[in-house]
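K.L.:
Here the numbering used here is used: position 118 in the sequence shown is 1545, and no number is missing along the way.
Heads up, the beta-carbon is just placed ideally off N, CA and C, and yes, glycines get one too.
These figures come from a predicted structure and were not determined experimentally.
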Amino acid sequence: MTRLASATVCAVTDGTGLGDGTAQHHANAHLGFGIDIGGSGMKAAVVDLDSGELLSERQRISTPHPATPEAMADVVRRLVEHDGWTRPLGVAFPAVVDHGVVHSAANIDKSWVGVDADTVFSNACGLDVSMVNDADAAGVAEMRYGAGKGVRGVVIMLTFGTGIGSGLFTDGVLVPNTELGHLELDGHDAETVAAASVREREGIGWKEWASRVQHYLRHVEMLFSPDLFIVGGGASKAHAKWLPRIDIETEIVPAVMQNSAGIVGAALMARPTAT
Ligand code: BGC
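1) With DSSP collapsed to three states, give me the class of V1691.
2) What does a CB cutoff of less than 8 Å around E1386 pick up in its chain, not counting 5 residues either side in sequence?
3) Can you have a look at D1477 and say buried or exposed, based on whether 16 or more other CB atoms are within 10 angstroms of its CB?
4) To the nearest angstrom, how far is it from the Cα of E1648 to the Cα of E1676?
5) If you draw a straight line from the C-alpha of E1508 to the C-alpha of V1473, how long is it?
6) Quick one: does the C-beta of G1608 sit closer than 7 Å to a heavy atom of the ligand BGC?
7) Would you call the region 1682-1699 and the region 1456-1468 touching, i.e. three or more CB-CB distances under 8 Å?
8) Flag this pair as yes or no: are the beta carbons of V1640 and A1574 separated by less than 8 Å?
9) Quick check: E1618 and G1590, are their CB atoms within less than 8 Å of each other?
10) Which residue comes first and which comes last in the beta strand (DSSP E) that contains Q1486?
11) Nearer than 7 Å: is that true of the beta carbon of A1694 relative to any heavy atom of the ligand BGC?
12) Does the Cβ of P1521 lie closer than 7 Å to at least one heavy atom of the ligand BGC?
13) Is T1490 close to the ligand BGC? I mean its beta-carbon at under 7 Å from any heavy atom of the ligand.
14) Could I get the ranges of all uninterrupted beta strand (DSSP E) runs contained in the region 1532-1584, with 3 residues as the minimum, in chain order?
15) So what's A1682 in DSSP terms, helix, strand or just coil?
16) Grab the span of the beta strand (DSSP E) containing S1478 for me, first residue to last.
17) Using three-state DSSP, classify T1589 as helix, strand or coil.
18) Can you find a C-beta in chain D that's less than 8 Å from the C-beta of S1531?
19) Taking only the alpha-carbon atoms, compute the straight-line gap between I1488 and G1588 and give it to the nearest angstrom.
20) Going by DSSP, what residue range makes up the alpha helix (DSSP H) through D1654?
Next comes the structure, spelled out in structure tokens:
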């Protein structure tokens, strides 16, 4: 009886990529592991790279405060250990990340600037870690499995959350670290006017916020002549409240992967570190 029960549990956990059955499944090249780091939470899961689906329950640990490299590295280690992951992984991060080194800190602890995050996180969990900008990661996931699947030409992913993130694609190829959220708009950094957090902070309604977003999108449209905008981030969940108000030339669609896009995109970009 006990044996049967544990065999059943084992079959279930093998299927999800969790628990004792994981070692065998984690050797499967079609699986990846991604962590999405945000201002309030650090989220992780095992990902089926064929379908873009999460195979383990999404884990979430609150982002430590202050969110220093050391404190966050410890959370990365815990997330990896919880799922028993043993191969390279990807981490989506809300900053410019060039070859693993963090170069900006608009909405993160300033102590990150100049830090080789690939190395800090790799040392913490003993695995190869590939860092990627969070909006680039979300865009990569949407282009592979979601709203941008099969779309050629210029596609711009924009995430409206604490800040505004961007991922620029041409014929499906990512141009990393575009940072279009920091374009100057009427003398202001655009994300200080049109990020989703600004709507909440200033207590403005959807109509007023949508008109700010439209003004911003028209500016981006004028500069890049995109074929498609994909809008993600926290505000995309409520897209019915504001997207119909947006009047621009370019086709614009909500992201379809919602809060798993960062995890999935990060998992897709994981690769062994060349030695
Ligand atoms: C950062 C970007 C990031 C975006 C969304 C901006 O403030 O500069 O790197 O992608 O926020 O998190």
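P.N.:
Looking at the coordinates:
1) helix
2) Since the first and last residues shown for the chain are 1428 and 1702, residue 1386 lies out of range.
3) exposed
4) 8 Å
5) 12 Å
6) yes
7) yes
8) no
9) yes
10) 1486-1489
11) no
12) yes
13) no
14) 1556-1560
15) coil
16) Segment: none, S1478 is in no beta strand (DSSP E) and carries neither H nor E.
17) coil
18) The chain inventory of the structure shown lacks chain D, comprising one protein chain alone.
19) 19 Å
20) Element bounds for D1654: n/a, residue is neither H nor E.
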